[in-house]
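Some notes on the structure that comes next.
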Amino acid sequence: MSQLFSPLTLRDLTLRNRTVVSPMCQYSAKGGLANDWHLVHLGRFALGGFGLVIVEATGVTPEGRISYGDLGLWDDAQIAPLRHIVDFLHDEGTAAGIQLGHAGRKASTPIAWRSGFDETEQEKIDAGYEHWIPVAPSAIPHTDRHPSDFQTPTELDLEGIVRITKAFVDATGRADEAGFDVVEIHGAHGYLISQFLSPLANKRTDRYGGSRDNRMRFALEVAEAVRAVWPAEKPLFMRISATDGSPGGWSVEDSVVLAGELKQLGVDVIDCSSGGFDGYGLKPANLYQVPLAKAVREAGVATMAVGLISDPADAEAIVANGDADLVALARTALEDPNWPLHAHHALDGGGDAYKLWPKQARNRIRDRDKVLGLRGA
Ligand SMILES: Cc1cc2nc3c(=O)[nH]c(=O)nc-3n(C[C@H](O)[C@H](O)[C@H](O)COP(=O)(O)O)c2cc1C
């Protein structure tokens, strides 16, 4: 059997395979509440055989949302619709994760498929439009190029930092109540935690800015506080931008140090992405972020690779070569929600590969393949 389709146990959670759906904002929630769109969008990946599905960046506070259409977990009313989705994923054999985040200065930005804030008055009412001034480590906008999309944030004072850390803790408790198996802290892509880490966005002169230790303080405090309330039997992930791609900015070497400290605090998997700062970043290419996961894994912590992974043989090699423990897909999963089913057949031949199909389809697909002489049915 392939390594990609071998199970992985993290604490008390056993994933049926190493394929993961990477978190993907849908900009389709109203008041932070999950709805039918989220159930169908996420549910199809469970039917497709993924081992773990991670729900999109979910705001721990209302002002921490990237857009007014993001999911949230700042209110108990947001638990039940998510529990409905978690139950579905579990029924189909897929573990359920949720990415908890705060967008910092990249909050209150337009819905991705719109041209800025171009909603009509009626659309604003229908979609639950909201707009607010974001907060950040320093009062520096993400970019000067689109001032209406990226506003100048208010600098967080120490009380504000404590309040957001507490919001991560409270949202984690709600994620547990919703039945999630994995919480992933969003520390990547130039959002709040990433803004604290990178000297590009963090110009503070207090104990949260300046030296690398000071810039890491918020990330470590959030991780420690979340771990304290997240059940000991459940794994905790953190997504980082392993480099911001700028000369003199946050580097892979910095990430190795951060990952070591996060591991000490009980973070089980580092999800290795990159970038998120205007004007900087790695040039996207096939498998371009895999070396980041490999470098961080050499520090002795489990990693997840992500970014332009689509060929099953490449995904298998990532796990088999020890570059990462998990392989996450985003756009490739949108393109083919059944990617694991197809990859399992490609890597492991017929026979057992049919077992990953939902029971409603399994035998019918095998019957068809037998007639057509496909996949060693
Ligand atoms: C529609 C869409 C929404 C995304 N939303 C998030 C998100 O909520 N959180 C996050 O960390 N990354 C987000 N990303 C980034 C993906 O998780 C992933 O890291 C990136 O797309 C690279 O993987 P891919 O080449 O397989 O698409 C999003 C990507 C897409 C395409």
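Last residue of the sequence shown? That's 1059 in my numbering, and every number before it is there in order.
No residue lacks a Cβ here, since even glycine has one placed at the ideal position from N, Cα and C.
Predicted model only: the values in this text are computed from it and were never measured.
- When DSSP reads this structure, residue 954 sits in a beta bridge with 922, 987.
- For residue 702, the enclosing beta strand (DSSP E) begins and ends at 701 to 703.
- In the displayed model, residue 999 falls within a helix according to three-state DSSP.
- Taking non-hydrogen atoms of ligand 1 into account, the C-beta of residue 738 is found less than 6 Å away from one of them.
- Straight-line spacing of the CA atoms in residue 926 and residue 1056 works out to 45 Å.
- A straight line joining the alpha-carbon of residue 966 with that of residue 1000 spans about 17 Å.
- Secondary structure note for residue 778: it is in no alpha helix (DSSP H), and the uninterrupted beta strand (DSSP E) holding it is 777 to 783.
- Per the DSSP secondary-structure output, residue 864 pairs in a beta bridge with 779.
- Ranked by Cα distance from residue 864, the options 1038, 1046, 831, 691 are led by 691.
- In this structure, residue 883 and residue 953 do not form a Cβ contact; the two beta carbons are roughly 20 Å apart against a cut-off of 8 Å.
- In this structure residue 781 is not in contact with residue 825, their Cβ atoms being roughly 23 Å apart against a cut-off of 8 Å.
- Counting only unbroken stretches of 4 or more residues, the alpha helix (DSSP H) elements lying wholly within the stretch 796 to 878 are 803 to 809, 840 to 859, in sequence order.
- If you draw a straight line from the Cα of residue 814 to the Cα of residue 957, it comes to about 25 Å.
- DSSP places residue 753 outside any alpha helix (DSSP H), giving it a letter other than H or E.
- When the five nearest sequence neighbours on each side are left out, the beta carbons in the same chain lying within less than 7 Å of the beta carbon of residue 716 are those of 753, 763, 764, 767, in order along the chain.
- Proximity of the beta carbon of residue 747 to ligand 1 is not indicated: no heavy atom of the ligand is located closer than 6 Å.
- Of the heavy atoms belonging to ligand 1, at least one sits nearer than 6 Å to the Cβ of residue 989.
- Taking the Cα of residue 836 as reference, the smallest distance to any Cα among 849, 805, 970, 874 is reached at 874.
- Closer than 6 Å to some heavy atom of ligand 1: that describes the Cβ of residue 1012.
- Here residue 732 has 701, 702, 703, 776, 1022 as same chain residues with Cβ atoms under 7 Å from its own Cβ, once five neighbours each way along the sequence are excluded.
- The DSSP-derived three-state label of residue 1017 is helix.
- Per DSSP, the continuous alpha helix (DSSP H) segment holding residue 904 begins and ends at 894 to 911.
- For residue 743, same chain residues with a beta-carbon under 6 Å away, outside a window of 5 residues either side, are 756, 849 in chain order.
- Rounded to whole angstroms, the Cβ separation of residue 934 and residue 977 is 5 Å, and the two are in contact under 8 Å.
- In this structure, the alpha-carbon of residue 1040 lies about 25 Å from that of residue 996.
- By the Cβ neighbour-count rule, residue 745 is buried, with 16 or more other Cβ atoms within 10 Å of its own.
- Short note on residue 726: C-beta not closer than 6 Å to any heavy atom of ligand 1.
- Residues of the same chain with a CB within less than 7 Å of the CB of residue 798, apart from the 5 flanking positions on each side, are 792, 830, 831 in chain order.
- Taking 6 Å as the cut-off, one finds no heavy atom of ligand 1 near enough to the beta carbon of residue 954.
- Here residue 911 is not near residue 861, since their CB atoms are 7 Å or more apart.
- A straight line joining the alpha-carbon of residue 769 with that of residue 812 spans about 30 Å.
- Counting along the chain, residue 789 sits inside no beta strand (DSSP E), nor does DSSP assign it H or E at all.
- Here residue 936 has 894 as same chain residues with Cβ atoms under 7 Å from its own Cβ, once five neighbours each way along the sequence are excluded.
- The criterion of a C-beta distance shorter than 7 Å is satisfied by residue 975 and residue 1005.
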